[in-house]
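In my numbering, the protein residues as written are 4 to 466. Every residue, glycine too, gets a C-beta built ideally from N, C-alpha and C. Predicted model only: the values in this text are computed from it and were never measured. Read the structure below first, then the notes.
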Amino acid sequence: MLYTIIIRSTLLLLVISLLTGCGDSSSAPGTTVTTAFESGSIGTVVKVSATEWELTIADDNNNSSLPATWRSWWYVRMDNAATHTPTTVTLKNSGWIYYYLPIYSYDQKTWHRFDESEVTRNQNNELVVRKQYAQPTVWIARFYPYTFSDLENYLRRIAGSPFLEIQVPGYSQNGRPLYLLKLTDPNSPVATKKRIFIHARTHPAETPPSFLLEGLIGSLLSGSNAAATLLAHTEFYIFPMHNVDGVIAGNYRSTPKSENLEVMWYLDAANPINLRADVPQEISVIHRYAKQLMSDGGPPVVIALNLHASNSEPDIRTFFYPHFGTTAQGYTAPQAALWNSQIRFIDLLAARYSVDLLEPAPENGGSGFVNNPFPESWWWANFQDTVMAMTIEMTYGRAGFAPRWVTPDDTRQLGTALLWAIGDYCSGASAAKTARTVADNSTGRQLLYPAWYPPNAADELKY
Ligand SMILES: [Zn+2]
């Protein structure tokens, strides 16, 4: 049973309606800017002239106490936009300094990147988008949207597969279903299977993980021999949309109560297999499910992936947050074992995808996560190196595809590669160590912000 979205009155609704001169019946209707749709978001809208606008990126839930770096997502619709002359939109109040290309659509289905010639920065380092639109109604967004309705439409398309079970193990704080997809061959013996646990969209506006999951699931249900083998030997458990209320509200990082679910896996001091009673229920649902999988006598979870996307500069590629390091660097044997598993997995993905489309792993990943309430911290506290738990960060820019910019299909292909890398990992395979190092920019990239490179463990809380 799939649920239907009802756009709630709690959604930010901001309509600036500009009427031309009173009594001038020959004037065209004024342009309007609205966010009254799923995942829509903008703050203040100011008309500078009939074809010039200043849009201020909103804080999640209009909560001005949140950090500036939480201001990233925006998604608006313009009606009655000029089609005979360019419209200029200046994006103000961004918490990120990076240049990027937004996207636009005339139907919310087919999306286009703006051209780099259409997006500049002004003296205040604000993004300025100037384009002559072909149609008077245009949706414009930070990145390709992927709403709760998009997820439900996708689930309708794949429902009915004998290898897929769609469960609803719990609900969000606003009563939306938290879907869980179980994918396996139910006729293969459980005893020889391994379990894979994946969750995505903890940060609502990080939509690339949803495209990745479509690629991964699509390949798993493709009917190929490789997929059949994988389905026979694995059970996938996927929570595709953790923070569904935040997605609907148009938030970037948080729930409608401004909770950052990524850092609220508070361990129970008496027994770290449990979480404190006061964690948000979206976390309780996922935690309860993971705990059950590790205690029901079935196959153990061997991989737990936490899918995110990072507002990096345009040329940063997909990267990871592996933890700890080698014994030679002073880490204990179990810590080094986790590190080695994570590096083996990254190398396997590089072999399946392309080493040139991933950032090299850091020299070591540090131990800081142990003292932070991340999902990976829960996995480590209870299962150490037996579960290869790791965060993957996709990016929104050129992401290794320069000079063009990454598309949802690119990210679906990453999902396919990730699927085969999971299979390789479970079969015990090792790939050749990736030859490139963090210091190696041999692809000729000219990083705009070299001081911010590489992404490292100290940045983990930002994403
Ligand atoms: Zn994130």
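Presumed contact (8 Å Cβ cut-off) between residue i and residue j, rounded CB distance
{"i": "Asn375", "j": "Val266", "result": "6 Å"}
{"i": "Glu379", "j": "His326", "result": "7 Å"}
{"i": "Tyr356", "j": "Leu417", "result": "6 Å"}
{"i": "Pro406", "j": "Tyr147", "result": "19 Å between Cβ atoms; not a contact."}
{"i": "Val79", "j": "Arg179", "result": "Val79 to Arg179, Cβ: 23 Å. No contact."}
{"i": "Arg145", "j": "Ser75", "result": "6 Å"}
{"i": "Asn314", "j": "Trp99", "result": "5 Å"}
{"i": "Leu308", "j": "Met393", "result": "6 Å"}
{"i": "Glu285", "j": "Ser175", "result": "6 Å"}
Close beta carbons around residue i, own chain, < 7 Å, minus the five adjacent residues each side
{"i": "Asp63", "result": "Leu69, Trp73, Asn254, Tyr255, Arg256, Ser257 and Ser261"}
{"i": "Ser344", "result": "Asp388 and Met391"}
{"i": "Thr440", "result": "For Thr440, the predicted structure reports a pLDDT of 49, less than 50, and the residue's modelled location is therefore unreliable. A value from the coordinates is still provided. Excluding sequence neighbours, Thr440 sits near Pro363."}
{"i": "Ala384", "result": "Leu270 and Pro275"}
{"i": "Thr419", "result": "Gly218, Leu219 and Ser222"}
{"i": "Pro32", "result": "Asn83"}
{"i": "Val193", "result": "Gly301 and Pro302"}
{"i": "Gly403", "result": "Arg320, Asp359 and Leu360"}
{"i": "Gly46", "result": "Thr59, Ile60, Ala61 and Asn96"}
Residue i - partner residues in DSSP beta bridges
{"i": "Lys185", "result": "Glu168 and Tyr240"}
{"i": "Ile201", "result": "Ile241 and Leu308"}
{"i": "Tyr174", "result": "Pro180"}
{"i": "Val141", "result": "Met81"}
{"i": "Arg133", "result": "Thr91"}
{"i": "Phe322", "result": "Glu396"}
{"i": "Thr37", "result": "Arg80"}
{"i": "Ser227", "result": "Note: Ser227 sits in no beta bridge, so no partner."}
{"i": "Phe327", "result": "Gly369"}
{"i": "Ser313", "result": "Thr398"}
Proximal residues to residue i (C-beta, below 6 Å), its chain only, five neighbours per side dropped
{"i": "Leu381", "result": "The sequence shown places Trp at residue 381, rather than the Leu named in the question. Within the same chain, Trp381 has close Cβ partners Trp268."}
{"i": "Leu233", "result": "Gly426"}
{"i": "Val305", "result": "Lys197"}
{"i": "Ala438", "result": "For Ala438, the predicted structure reports a pLDDT of 49, less than 50, and the residue's modelled location is therefore unreliable. A value from the coordinates is still provided. Nothing meets the Cβ criterion."}
{"i": "Pro303", "result": "none"}
{"i": "Val49", "result": "Glu57"}
{"i": "Arg116", "result": "Leu104, Ile106 and Trp408"}
{"i": "Tyr101", "result": "Glu316"}
{"i": "Ile201", "result": "Ile241 and Leu308"}
{"i": "Leu215", "result": "Thr414, Leu417 and Gly418"}
Contact set for residue i: own chain, Cβ-Cβ below 8 Å, skip 5 residues either direction
{"i": "Ser97", "result": "Ile60, Arg74, Ser75, Glu129 and Leu130"}
{"i": "Trp342", "result": "Pro325, His326, Phe327, Gly328, Thr329, Tyr334, Asn367 and Gly368"}
{"i": "Tyr467", "result": "Residue 467 is absent from the structure shown; the chain starts at 4 and stops at 466."}
* Is the region 280 to 295 touching the region 363 to 371 in the sense that three or more CB pairs, one from each, lie closer than 8 Å? -> When Cβ pairs closer than 8 Å are counted between the two stretches, the region 363 to 371 is seen not to touch the region 280 to 295, the count staying below three.
* To do: May I ask you to verify whether the region 159 to 175 touches the region 201 to 216, counting CB pairs closer than 8 Å and requiring at least 3?
  => no
* Jot down the residue ranges of each uninterrupted beta strand (DSSP E) in the region 231 to 302, minimum 3 residues, whole runs only, in chain order. => 237 to 242
* What residue ranges within the region 336 to 363 form continuous alpha helix (DSSP H) runs of no fewer than 4 residues, ordered along the chain? -> 336 to 355
* Could you name each continuous beta strand (DSSP E) segment of 3 residues or more that falls completely within the region 44 to 130, going from the start of the chain to the end? => 48 to 52, 55 to 59, 78 to 82, 90 to 95, 106 to 108 and 122 to 124
* Asked: Would you call the region 121 to 133 and the region 185 to 195 touching, i.e. three or more CB-CB distances under 8 Å?
  -> no
* Asked: Are the region 331 to 346 and the region 271 to 290 touching, with three or more C-beta to C-beta distances below 8 Å?
  -> no
* **Whole runs of the alpha helix (DSSP H) within the region 370 to 397, excluding any shorter than 4 residues** => 378 to 386
* If we count Cβ pairs, one from each stretch, closer than 8 Å, do we get three or more for the region 127 to 146 versus the region 101 to 117? -> Under the 8 Å Cβ criterion, the region 127 to 146 counts as touching the region 101 to 117, having at least three qualifying pairs.
* Looking at C-beta atoms only, is the number of pairs between the region 87 to 97 and the region 47 to 61 that lie closer than 8 Å three or more? -> yes
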